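Note that this note's numbering gives residue 22 to position 19 of the sequence shown, counting from 1, and the numbers run on in steps of one. By construction, the Cβ of each residue, glycine as well, lies at the ideal position given by its N, Cα and C atoms. Source: prediction; values computed, not measured. Heads up: the structure comes next, in C-alpha cells.
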Amino acid sequence: MIVDAYLEEQTRLRVKKKENGLEKPTEDDDLQINDDPRRFPGETRKDADSRTGKAKVLLCINDVPNHLKFNPHILSGYRPLQSPLGCIGSVFQWHNETINIVTHAIPIFYILFTVPDVLPWHSQELTFLAWCHIAGILCPWLGSFVYHMFMNLHYGPMAYYILLQVDMLGIWTSQSI
Numbered sequence: 004m005i006v007d008a009y010l011e012e013q014t015r016l017r018v019k020k021k022e023n024g025l026e027k028p029t030e031d032d033d034l035q036i037n038d039d040p041r042r043f044p045g046e047t048r049k050d051a052d053s054r055t056g057k058a059k060v061l062l063c064i065n066d067v068p069n070h071l072k073f074n075p076h077i078l079s080g081y082r083p084l085q086s087p088l089g090c091i092g093s094v095f096q097w098h099n100e101t102i103n104i105v106t107h108a109i110p111i112f113y114i115l116f117t118v119p120d121v122l123p124w125h126s127q128e129l130t131f132l133a134w135c136h137i138a139g140i141l142c143p144w145l146g147s148f149v150y151h152m153f154m155n156l157h158y159g160p161m162a163y164y165i166l167l168q169v170d171m172l173g174i175w176t177s178q179s180i
C-alpha cells in the first residue's frame with residue numbers, strides 16, 4: 004500500500020514536470036514500465052491496473068468487444084476486460100453488472116445459511132433427496148453469479164460463451180432435478 008502511494012506520487016510528479024516543460028515527454032510514455040513493479044514488460048498502466056483489480060475506468064458500449072454488446076440500451080458502465088482476480092475485485096466498484104452480481108449472491112448465502120437447517124438430514128432415505136433439493140435451488144443462482152462476475156474476462160469470446168453455457172446449465176439443472 005505504501006509502495007503504491009509512493010509510485011502514484013512519483014508518477015504525478017513526473018507528469019507535472021512534463022506539463023511544466025522540465026522533462027521532455029516521450030511517445031510511449033504509457034509503456035514505460037520500469038517505474039511500476041506491478042506491471043509486466045510491455046504492459047501499460049491501464050493493463051496493470053486491470054490485471055491487479057484496480058481498474059476504475061468504465062467503458063462505453065463502443066469501447067467493448069462485440070460479444071459484450073448484446074444490449075443496445077445499456078450505453079455505458081461496462082467493465083474493461085480483466086483477469087479473474089480483476090473480475091473479483093470489480094465487485095466492489097459500481098458498474099452495469101453490479102446489481103446482477105449482488106442479487107445473485109444474496110440468495111446463494113441465504114440458501115446456504117437457512118435451507119440446510121430445515122431439511123430432513125436425520126433420515127437415511129431422504130438424505131439423497133435433501134442433497135438434490137439443495138443442488139436444485141443453488142444451481143441457477145451459482146451459474147448466473149459466475150456468469151455475471153466473470154463475463155468480462157480477457158480470454159476472449161470463447162470464455163464468454165462458456166460462461167453463458169454455465170449460466171444456462173444452472174437454470175437447466177434447477178428445472179431437471
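According to the DSSP assignment, Ser147 belongs to the alpha helix (DSSP H) that extends over Thr130 to Phe153.
Around the beta carbon of Asp170, a 10 Å sphere encloses 16 or more other beta carbons of the protein chains shown; the residue is thus reported as buried.
For Cys142, the closest alpha carbon among the candidates Asn155, Gln127, Leu115 and Ala162 is that of Leu115. Beta-bridge pairing by DSSP links Cys63 to Ser79.
For a cut-off of 8 Å, the C-beta gap from His136 to Leu122 is around 7 Å, short enough to register as a contact. Counting the other Cβ atoms within 10 Å of the Cβ of Gln85 gives 16 or more, which makes it buried.
Look at the segment 86-120 and you find these whole runs of alpha helix (DSSP H), each 4 residues long or longer: 87-92. The C-beta of Gly173 has 16 or more other C-beta atoms within 10 Å across all chains shown, which makes the residue buried.
If the five residues before and after Glu100 are omitted, its C-beta is found closer than 6 Å to the C-beta atoms of His151, all from its own chain and listed in chain order.
In this chain, the alpha helix (DSSP H) harbouring Leu166 covers Pro160 to Ser179. By alpha-carbon distance to Gly92, the top candidate from Phe153, Ala162, Trp124 and Tyr164 is Phe153. In the same chain as Leu78, and ignoring 5 residues on each side of it, the C-beta atoms closer than 7 Å to its own belong to Cys63 and Ile64, in chain order.
Shown here, Leu84 sits in coil according to DSSP, grouped into three states, outside any helix or strand.
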